[in-house]
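Participant: Start counting at 1 in the sequence shown, then tack on 1, and there's your number in the numbering used here.
We put the beta carbon where it would ideally sit given N, CA and C, even for glycine.
I have a structure I would like to understand better, so I am pasting it below and will then ask my questions one at a time.
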Amino acid sequence: MNSLRKRRTKEVKIGNIKIGGENPIRVQSMTRSPTRDGQKVVEEIKRLEGAGCEIVRIAVPDEPSIEAIPYIKERISIPLVADIHFHWRLAIKAMEKGVDKIRINPGTIGSREGVKEIVKMAKGKGIPIRIGVNAGSFPKDVLEKYPRSPAEAMVEVAMREISLLEELEFEDIVVSLKAFDIQTTVEAYEYFSQMRDYPLHIGITEAGPMPEGAIRSAVGLGILLGKGLGDTIRVSLTAEGVKEVEVAWEILQSLNIRERGFIIVSCPMCARCAVPLIELVREVKSELEKLPPRPLKVAVMGCEVNGPGEAKDADIGLAFGKSSAVLFLRGKPIKTVSFSEAVEKLLGEIEKM
Ligand code: SF4
């Protein structure tokens with residue numbers, strides 16, 4: 002199945018899963034609900050889990066958020082990551098309350114003692130730390146050193162953060178180097194991967210709303226994954242988190258990296274199409290969403306003449322004529338069905354498969 006070779010990185014354990022090394026690339030997302038509202042967060046995480054999210058991050062900005070962690074942790078089955086800025090005591094408390102990973106930049110803590118305390122607890126509990134560098138928040142001296150190379154600036158910041166942890170003999174590290182600009186992001190990850198083998202969390206940051214953000218993320222993540230870079234992925238969208246997870250899976254499936262749900266193969270239509278194909282595809286898609294996800298390619302094609310051949314890679318499909326449709330399996334017609342019952346017959350065959 003794997004058509005792209007992933008660069009070998011160090012293996013890191015996050016709760017009940019492992020990332021890096023030979024492990025599959027994992028899909029990650031982040032909650033939007035206020036973390037202090039544990040019930041809302043759990044409901045949101047359940048929706049994300051249902052869509053295929055494998056690691057979930059929550060922002061932990063204050064004490065009430067810390068108090069919600071045990072409630073959340075008890076009710077979900079995927080690893081929980083706490084995103085913390087500046088406050089090392091919050092990081093310590095989040096680890097005490099049971100998170101599986103923290104995302105914090107040691108350089109922004111402003112206290113060597115604080116970093117030491119975080120590392121001590123993370124070591125003791127086997128909790129990894131993600132260093133997340135975002136373009137646009139560089140120290141002044143780094144900006145002056147690399148005025149025209151944001152990618153190098155990002156890597157320099159990451160290396161400074163890493164050295165704070167490595168000096169304390171802590172190597173359970175995950176790194177992300179995200180920018181809105183795709184070229185900058187790709188250069189930063191490439192440059193970094195030549196220096197260290199820590200697992201990489203990849204994404205295009207602030208990618209935007211749908212569909213622009215999905216397209217931008219697909220282009221950026223596609224380039225990175227094509228180069229073998231990335232151990233966990235997040236698609237950052239101004240949308241419901243479930244959309245992020247769906248797009249992430251679509252990217253992984255498009256590159257034959259991982260399999261999960263139905264893949265719809267449908268033609269762009271031409272003058273040979275005599276049916277409302279857009280509506281028919283929408284109907285098939287919504288019916289498939291009601292079934293448990295399976296890695297099956299389902300075709301919906303606009304004419305009987307070329308449809309089965311053009312979609313011969315699909316596992317099963319329908320090719321529509323004016324008043325009937327041909328049901329085909331891997332390009333070979335198996336029966337003709339009436340237009341009105343075509344979708345139902347297709348779903349019936351899928352359930353039998
Ligand atoms: S399958 Fe038929 S209708 Fe669709 S693009 Fe091809 S020739 Fe045109």
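(1) Closest by CA to ASP316, which one among LEU347, GLU305, VAL338, SER287?
(2) Please work out which residues of its chain come closer than 8 angstroms, Cβ to Cβ, to PHE87, disregarding the five sequence neighbours upstream and downstream, and give them in chain order.
(3) Give me the residue from PRO293, VAL299, PRO294, ARG295 with the minimum Cα distance to ARG283.
(4) CYS16: which of GLY99, ALA208, LYS286, ARG33 sits nearest, CA to CA?
(5) Given the structure, does GLU280 come close to ligand 1, in the sense that its CB is under 7 angstroms from one of the ligand's heavy atoms?
(6) Just to confirm the assignment, what range does the beta strand (DSSP E) spanning ILE264 have?
(7) Assuming the contact rule is C-beta atoms closer than 8 angstroms, LYS313 and ARG331 should be a hit. Round their C-beta distance to whole Å, please.
(8) Given 7 angstroms as the limit, tell me if PRO277 has its C-beta closer than that to any heavy atom belonging to ligand 1.
(9) Look up VAL220 in the DSSP assignment and say whether it is helix, strand or coil.
(10) Closer than 7 angstroms: is that where the CB of GLY303 sits relative to any heavy atom of ligand 1?
(11) Kindly list the residues whose CB is nearer than 7 angstroms to the CB of TYR190, restricted to its own chain and excluding five residues on each side of it in sequence; keep chain order.
(12) CA-CA distance, VAL176 and ALA219?
(13) Span of the alpha helix (DSSP H) holding ASP142?
(14) In terms of residue numbering, what span does the alpha helix (DSSP H) encompassing LEU165 cover?
(15) Hey, would you say the C-beta of PRO269 is under 7 angstroms away from at least one heavy atom of ligand 1?
(16) Label ILE103 either buried or exposed according to how many other C-beta atoms from any shown protein chain fall within 10 Å of its C-beta, with 16 as the threshold for buried.
(17) Between which two residues does the alpha helix (DSSP H) harbouring GLN184 extend?
(18) Measuring from the CB of GLU311, is there a heavy atom of ligand 1 at a distance below 7 angstroms?
(19) If we ignore side chains and look at the alpha-carbon of each, how far apart do ILE279 and SER287 end up?
(20) Taking C-alpha atoms, which residue in VAL266, ARG58, GLU75, MET122 lies nearest to THR233?
(21) Just the C-alpha distance for VAL134 and PHE329, rounded to the nearest angstrom, thanks.
(22) With hydrogens ignored, establish whether the beta-carbon of GLY262 is closer than 7 angstroms to any heavy atom of ligand 1.
(23) Hey, ILE130 and PRO80: beta-carbon distance below 8 angstroms or not?
(24) For GLY308, verify whether its CB is less than 7 angstroms away from any heavy atom of ligand 1.
(25) Identify every run of the beta strand (DSSP E) within the stretch 58-134, keeping only runs that are complete inside it and at least 3 residues long; order them along the chain.
(26) Can you find a heavy atom of ligand 2 that lies under 7 angstroms from the Cβ of ASN17?
(27) If you run the structure through DSSP and keep just helix, strand and coil, what is ARG37?
(28) Count Cβ pairs between the stretch 144-164 and the stretch 121-128 that sit closer than 8 angstroms; are there 3 or more?
(29) First and last residue of the beta strand (DSSP E) that includes LYS298?
(30) What is the DSSP secondary structure of SER138, reduced to helix, strand or coil?
(31) Between CYS54 and ligand 1, is the CB less than 7 angstroms from at least one heavy atom?
(32) What number of angstroms, rounded off, separates the C-alpha of ARG27 from the C-alpha of GLY137?
(33) Which residue marks the beginning of the alpha helix (DSSP H) containing LYS286, and which one marks its end?
(34) Per DSSP, which residues does PHE329 bridge with? Please list them.
(35) Would the stretch 252-261 count as touching the stretch 32-48 if we require 3 or more Cβ pairs under 8 angstroms?
Facilitator: With the structure as the only source:
(1) LEU347
(2) So the qualifying residues of the chain are THR109, ILE110, GLY111.
(3) VAL299
(4) Per the sequence shown, residue 16 should be read as Gly rather than Cys. Considering only alpha carbons, the answer is GLY99.
(5) no
(6) 264-267
(7) Taking a contact as a CB-CB distance under 8 angstroms, the pair LYS313 and ARG331 counts as one, their CB atoms being some 6 angstroms apart.
(8) Result no, Cβ not under 7 angstroms from ligand 1.
(9) helix
(10) yes
(11) LEU178, LEU201, ILE203, LEU225, LEU230
(12) Taking the Cα positions, VAL176 is about 20 angstroms away from ALA219.
(13) 141-146
(14) Annotation for LEU165: the continuous alpha helix (DSSP H) segment containing it runs 151-167.
(15) yes
(16) ILE103 counts as buried, since at least 16 other C-beta atoms from the protein chains shown sit within 10 angstroms of its C-beta.
(17) 183-194
(18) yes
(19) Cα-Cα distance, rounded: 12 angstroms.
(20) It is ARG58.
(21) 49 angstroms
(22) no
(23) Cβ atoms of ILE130 and PRO80: not closer than 8 angstroms.
(24) yes
(25) 81-84, 102-104
(26) Absence of ligand 2 from the depicted structure is noted, with ligand 1 being the only ligands included.
(27) coil
(28) The answer is no - the stretch 121-128 does not touch the stretch 144-164, with fewer than three Cβ pairs under 8 angstroms.
(29) 298-302
(30) coil
(31) Checking every heavy atom of ligand 1 against the Cβ of CYS54, none is found closer than 7 angstroms.
(32) 26 angstroms
(33) Looking at the DSSP string, the run of the alpha helix (DSSP H) that includes LYS286 is 278-289.
(34) GLY318, PRO334
(35) no
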